[in-house]
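A quick write-up on the structure given underneath.
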Amino acid sequence: EAAVTQSPRSKVAVTGGKVTLSCHQTNNHDYMYWYRQDTGHGLRLIHYSYVADSTEKGDIPDGYKASRPSQENFSLILELASLSQTAVYFCASSDAWGRQNTLYFGAGTRLSVL
Amino acid sequence: AQKVIQVWSTTSRQEGEKLTLDCSYKTSQVLYHLFWYKHLLSGEMVLLIRQMPSTIAIERSGRYSVVFQKSRKSISLVISTLQPDDSGKYFCALWELAYNTNTGKLTFGDGTVLTVKP
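Heads up: the sequence lines are chains A and B, in that order.
The opening position of the first sequence corresponds to residue 1 in our numbering, with each subsequent residue numbered one higher.
The opening position of the second sequence corresponds to residue 1 in our numbering, with each subsequent residue numbered one higher.
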């Protein structure tokens, strides 16, 4: 059974609208991450969190907010969606640094902004 | 400059063949790990191999293994006896720990799309 679950699996949004992508993990992991993947490219880190009620900026945070209300849940928020944010978004979780830095990914959310 | 470089963006092979996917990386950190992930058509990202440069053991998992050349900063994924189900996108990734900030970072290559023909 999937330990990292993303919802929705796909979404079409209008430019300027608000989009919330949700992620739930049952791995009991401290760390959670949001990545985006663009066609033909690798994954780039948007935001991450290592504890509930706290989030950190990744490599490309502009235009995105994140929320970690509990250890299990991590949301990515696009307050004003733009065409350039069309991409596939992956959520992942991992245990604490050092011993376990292996990421476990969700199945991805395909977002199209029109 | 890219930290993780996968030269091939796409490749195609016949069922039963052996394939090597190349990956090179750049890092100045002492502590780092290397990963190979497979992106399935269903959307899942599946971990295939994790290699820790601090060990000399070469990781293997089923039909997957790596050729790791630490001095050349190169880690290649080897898939033996290819099957059509091996089709998908393969990502090489570098995880580094920066001691000055005690934070880690995972950087992905652009990926290689593999098609295995029956």
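Even glycine gets a Cβ: it sits at the ideal position worked out from N, Cα and C.
Because the structure is a prediction, the values reported are computed rather than measured.
**OP:** Would you decide whether B/Ile75 is buried or exposed? Buried here means 16 or more other CB atoms lie within 10 Å of its CB.
**Re:** Buried, because 16 or more other Cβ atoms sit within 10 Å of the Cβ of B/Ile75.
Original post:
With respect to the beta strand (DSSP E) encompassing B/Tyr32, which residues constitute its N-terminal and C-terminal limits?
Top reply: Annotation: the continuous beta strand (DSSP E) that includes B/Tyr32 extends over Tyr32 to His39.
Original post:
Considering only C-alpha positions, which residue in the set A/Ala92, A/Ala107, A/Val113 and A/Ser112 is nearest to A/Asn28?
Top reply: Selected option, being the one with the closest Cα: A/Ala92.
Subject >> Cβ pair B/Tyr64, B/Leu77 closer than 8 Å >> reply: Yes, Cβ-Cβ distance for B/Tyr64 and B/Leu77 is below 8 Å.
Subject >> Below-8 Å beta-carbon distance, A/Arg99 vs any chain B residue >> reply: Residue placement at A/Arg99 cannot be trusted, given a pLDDT of 42 that sits under 50; what the coordinates show is reported in the next sentence. So, not an interface residue.
Subject >> Under 8 Å between C-beta atoms of A/Ala107 and A/Arg36 >> reply: It is not a contact, given that the beta carbons lie outside the stated cut-off.
**OP:** Examine chain A for any beta-carbon lying closer than 8 Å to the beta-carbon of B/Gly62, and answer yes or no.
**Re:** No, B/Gly62 does not count as interfacial toward chain A.
Original post:
Can you round the beta-carbon distance between B/Pro84 and B/Glu15 to whole angstroms, since I take them to be within the 8 Å contact cut?
Top reply: About 6 Å separates the Cβ atoms of B/Pro84 and B/Glu15, confirming a contact at the 8 Å cut-off.
**OP:** Helix, strand or coil for B/Ser80, going by three-state DSSP, please let me know.
**Re:** In the three-state reduction of the DSSP assignment, B/Ser80 falls in the coil class, being assigned neither a helical nor a strand state.
Subject >> chain B residues whose Cβ lies nearer than 9 Å to that of A/Thr102 >> reply: For a Cβ distance threshold of 9 Å, residue set His33, Phe35, Leu47, Arg50 and Trp95 of chain B lies close to A/Thr102, ordered along the chain.
Subject >> Local conformation of A/Leu80 per DSSP, three classes >> reply: Three-state result, A/Leu80: coil.
**OP:** Kindly list the residues whose CB is nearer than 6 Å to the CB of A/Asn73, restricted to its own chain and excluding five residues on each side of it in sequence; keep chain order.
**Re:** Within the same chain, and ignoring the five residues on either side of A/Asn73 in sequence, the residues whose Cβ sits closer than 6 Å to its Cβ are His24.
Original post:
From the beta carbon of B/Asp85, is the nearest beta carbon of chain A less than 8 Å away?
Top reply: False, the Cβ-Cβ gap to chain A never drops below 8 Å.
Subject >> Residue nearest to A/Ser55 in terms of C-alpha spacing, selected from A/Leu43, A/Arg44 and A/Tyr31 >> reply: Note that residue 55 of chain A is Thr in the sequence shown here, rather than Ser. It is A/Tyr31.
Original post:
Just how far apart, CA to CA, sit A/Thr192 and A/Thr86?
Top reply: Outside the modelled stretch of chain A, which goes from 1 to 114, sits residue 192 of chain A, for which no answer is possible.
Original post:
Between A/Ala52, A/Gly16, A/Tyr89 and A/Val4, which lies nearest to A/Ser70 when the distance is taken from Cα to Cα?
Top reply: Comparing Cα-Cα distances from A/Ser70 to each of A/Ala52, A/Gly16, A/Tyr89 and A/Val4, the minimum goes to A/Ala52.
Original post:
Rounded to a whole number of angstroms, what is the C-alpha to C-alpha distance between B/Phe35 and B/Lys26?
Top reply: About 14 Å.
Original post:
So is A/His41 in contact with chain B if we call contact Cβ pairs under 8 Å?
Top reply: At a cut-off of 8 Å between beta carbons, A/His41 contacts chain B.
Original post:
Does A/Phe74 have its Cβ less than 8 Å from a Cβ in chain B?
Top reply: Chain B has no Cβ within less than 8 Å of the Cβ of A/Phe74.
Subject >> A/Leu78 versus B/Ser71 - alpha carbon distance >> reply: Answer to the nearest angstrom: the Cα atoms are 43 Å apart.
Original post:
Does B/Gly111 come within less than 8 Å of chain A when only Cβ atoms are used?
Top reply: Taking Cβ atoms only, chain A reaches closer than 8 Å to B/Gly111, which makes this a yes.
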